[in-house]
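Shown next, in structure tokens, is the structure this report addresses.
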Amino acid sequence: MSKYGDGNFAEKQGGGEALDVAYSHNQGQVMDGTISLDANHQLQRGLKSRHIQFLALGGAIGTGLFVGSGGILATVGPAPLWLAYLSMMLLVWIVMNCIGEMCTYLPLRGITLPYFTERFVDASLGFAAGWNYWYAYAILVAAEASAGAILLNYWETPVPTWAWITIILVVNLVLNIIAVEVFGEAEFWFASIKFITIMGLIIVGLVIMLGGGPNHNRLGFHYWNDPGAFKEYLAPGATGRFAAYWTAFIRAGFSFITSPELIGLAAGETIAPRRNIPKAARRFLGRLAVFYGISSLIVGCIVPSNNKNLLSGTSDASASPWVIGIQLAGIGGLNHVINAAILTSAWSAGNAFLYSGSRILYSLAQNGQAPAVFTRTTRRGVPYTAVLMTWAFSLLAYLNVSNNGAQVFTWFSNLSTISGYIGWIVLLITYLRFRQALKVQGLLATLPFKTPGQPYAAWFALVMISILTLTNGFQVFVKWNYKDFLAAYITLPAFLVLYFGHKIWHRTPFHKPAGEIDVLTGKKEMDDMCANDVEPVPRNWLEKIWFWIA
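Quick note, the sequence shown lines up with residues 67 to 616 if you use our numbering.
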């Protein structure tokens, strides 16, 4: 018998009494097993709908949107940039739907996505996925702090870089260590500032395209004709244009990596999860379409892909395509505003990544895959030891103090991107096994949240992301560079070492039959908790608008 139960409860019990028998059978195991329902050991449910929606979007909107899009534009041109973001948005939407279905079904306190992997697929895969996610998030905290320090240096203040990094990391630590409500509110307002800024920039971009700038030059899609929509990459003709699109597709992943998982990680701390998680998942794609789909199209229209300022490898706001486009249009005075907005995005993303990494470590410790000290929480339910450990790892940001700070930031970005792709592959495998288990045990109809196109959409995303992972560094095989090769592929063998090392040590089986996968433990408790949820009714039109937004 596994620690989750002996599986296939519906088949063993049969009939309408299957669920009740299974729930009764497993209640004690839930209390004493991997995920405890004891209130003294639980994270506090303090995150509202607006918190988790803005948490996921706040993690998605970082320096990648403001600066990374300019780098892609310079490399491949405006058409591949736009098409790549649209393509990646489709994959992210599918990943988000898979997360939403699983976390709405079992929004247990203290769970993370690797917990589902261990429970529905394999303990070794869950172990490797958990540590893969943890170090990806920890590296992302360091990367965002490093980028934030560079952005602050844009104003040429006498404050040294190490001091800015210290301030950024300390503020992130304080926001994460006090209480989950404080973290949620801070992330909500961080993200709100970014969304308002991005909407303003989109409007400014449209005005520039239509000739409303000081120079009254009606750009339209002029730059798609001169210098052109595509920049052939690595080869001439159609092959070069496809290589340009595929390169942009791969690089676009950095802007989205780990962002859909943030809602899953917050499921155990979300108020009314069966109502708020589906709400956040449904609205995720639409908001991504605005912030990435429209903005990437506008950027390619207001900045020529051969502009020399796009070629800079730094994270400075002077390299932002928005800054360049506004300057080309003759608009002055917005450079500081945009730099401040990018700084806010870096700070907000770092805040969200520290939260996520600490919850991953907390869950690993609960599963016995990390030292038990990381299960300790404050009286307000914050896993402070896990937060401190994740934060300590982010001190790698001080590498930015050296002359190679920009290279270190790029290295962090590459490592986190490939780790994110691996995480999505594992997540999709987990979802497919979860769904198959529900089908085999006759419980598929009990899913409280169903998304379109499943399971075919999950299979499509799994194949595409696997190809992206394997071709992540295909450029090095055209023009060999061992440093780029290591940055692109070093994470793959590291993940395999974790997986096979755990499997050899613990002798776990390679396959778990769908009929033996436990999809019932803890569900009754979640059903009872969510049954008491009463959806708020708007009292006037203002509340209707607010409830729709948040």
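Ideal Cβ placement from N, Cα and C applies to all residues, glycine included.
From a predicted model like this one, the values you see are computed outputs, not experimental measurements.
Candidates the options, of which the one nearest residue i by Cα
i       : options                               : result
Arg-340 : Cys-169, Arg-348, Met-162 and Leu-528 : Cys-169
Ser-350 : Val-187, Met-162, Ala-229 and Pro-226 : Position check: residue 350 holds Phe in this sequence, whereas Ser was assumed. For Phe-350, the nearest C-alpha among the options comes from Met-162.
Phe-322 : Trp-546, Phe-566 and Phe-132          : Phe-132
Asp-292 : Phe-561, Asn-372, Ser-414 and Tyr-464 : Asn-372
Gly-581 : Ala-211, Leu-509 and Ile-343          : Leu-509
Asn-342 : Trp-255, Thr-535, Lys-590 and Glu-167 : Glu-167
Ile-259 : Lys-549, Met-530 and Ile-127          : Ile-127
Gly-447 : Lys-374, Glu-335, Val-542 and Leu-272 : Glu-335
Leu-454 : Arg-445, Tyr-464, Phe-440 and Ala-463 : Phe-440
Ile-397 : Leu-157, Asn-281 and Tyr-487          : Asn-281
Ile-244 : Phe-543, Phe-500, Arg-499 and Pro-449 : Pro-449
Ala-438 : Ala-503, Leu-427 and Trp-159          : Leu-427
Ala-527 : Leu-465, Leu-498 and Glu-601          : Leu-498
Ser-153 : Ile-316, Leu-608 and Leu-465          : Ile-316
Arg-348 : Lys-549, Pro-518, Thr-129 and Pro-559 : Pro-518
Arg-425 : Leu-608, Gly-130 and Ala-204          : Ala-204
Val-506 : Pro-579, Ala-431, Ile-274 and Asn-375 : Pro-579
Thr-496 : Tyr-548, His-577, Leu-462 and Arg-442 : His-577
Ile-216 : Trp-290, Leu-149 and Leu-465          : Leu-465
Ile-160 : Leu-562, Phe-540, Met-530 and Lys-549 : Met-530
Val-365 : Asn-547, Phe-561 and Leu-149          : Leu-149
Endpoints, the alpha helix (DSSP H) within which residue i is located
i       : result
Phe-193 : 189 to 218
Leu-157 : 144 to 171
Tyr-311 : 303 to 322
Ile-244 : Segment: none, Ile-244 is in no alpha helix (DSSP H) and carries neither H nor E.
Lys-590 : 589 to 597
Pro-180 : 179 to 186
Asp-584 : From DSSP, Asp-584 is part of no alpha helix (DSSP H); its letter is neither H nor E.
Asn-342 : 339 to 354
Thr-535 : 522 to 536
Trp-363 : What sits at residue 363 in the sequence shown is Leu, not Trp. Where Leu-363 is concerned, the enclosing alpha helix (DSSP H) stretches over 361 to 368.
Val-563 : 557 to 572
Thr-451 : 450 to 459
Leu-513 : Looking at the DSSP string, Leu-513 is not in any alpha helix (DSSP H), and its letter there is neither H nor E.
Ile-127 : Here Ile-127 belongs to no alpha helix (DSSP H), and DSSP marks it neither H nor E.
Glu-327 : 327 to 331
Proximity below 8 Å, CB of residue i to CB of residue j
i       : j       : result
Cys-367 : Leu-276 : no
Thr-574 : Asp-188 : yes
Val-207 : Gly-423 : yes
Ile-329 : Ile-165 : yes
Leu-633 : Asn-417 : Given that the chain is displayed from residue 67 to residue 616, the structure contains no residue 633 and the question cannot be resolved.
Pro-619 : Ser-429 : What is shown of the chain runs 67 to 616, which leaves residue 619 out entirely.
Leu-147 : Val-369 : no
Leu-493 : Thr-557 : no
Gln-435 : Phe-193 : yes
Ser-190 : His-572 : yes
Gly-134 : Phe-320 : yes
Leu-235 : Trp-457 : yes
Ser-386 : Ala-257 : no
Ala-304 : Gly-489 : no
Ile-611 : Asn-538 : no
Thr-451 : Leu-331 : no
Val-142 : Thr-313 : yes
Ser-362 : Tyr-151 : yes
Trp-477 : Ala-597 : no
Leu-420 : Asn-606 : no
Trp-197 : Leu-536 : no
Ala-309 : Ala-318 : no
Phe-500 : Phe-186 : yes
Distance cut-off 7 Å: residue i Cβ against heavy atoms of the ligand HEM
i       : result
Ser-532 : As far as ligands go, the structure on display features none, and thus does not contain the ligand HEM.
C-beta neighbour in chain B for residue i, strict 8 Å
i       : result
Asp-292 : Going by chain labels, chain B is absent from the structure shown, which holds only one protein chain.
For this session: Take every Cβ of the segment 398 to 411, pair it with every Cβ of the segment 253 to 269, and state whether three or more of those distances are shorter than 8 Å.
Result: At 8 Å Cβ cutoff, the stretches touch.
Exercise. With a cut-off of 8 Å, do at least 3 Cβ pairs link the segment 387 to 395 to the segment 289 to 298?
Worked result: Verdict: no, contact absent.
Problem set entry | Length at least 4, wholly inside the segment 370 to 425: the alpha helix (DSSP H) runs in chain order | Secondary structure within the segment 370 to 425: the alpha helix (DSSP H) runs of 4 or more consecutive residues, fully enclosed, are 387 to 394 (chain order).
Problem set entry | Touching by the beta-carbon criterion (3+ pairs, under 8 Å), the segment 174 to 182 and the segment 407 to 417 | With the rule of 3 Cβ pairs closer than 8 Å, the segment 174 to 182 does not count as touching the segment 407 to 417.
Problem set entry | Inter-stretch contact (C-beta, 8 Å, three-pair minimum) for the segment 522 to 541 and the segment 349 to 363 | Short answer: they don't touch.
Problem set entry | Cβ contact (3+ pairs, closer than 8 Å) linking the segment 227 to 241 and the segment 201 to 218 | Counting C-beta pairs closer than 8 Å gives three or more between the segment 227 to 241 and the segment 201 to 218, which meets the contact rule.
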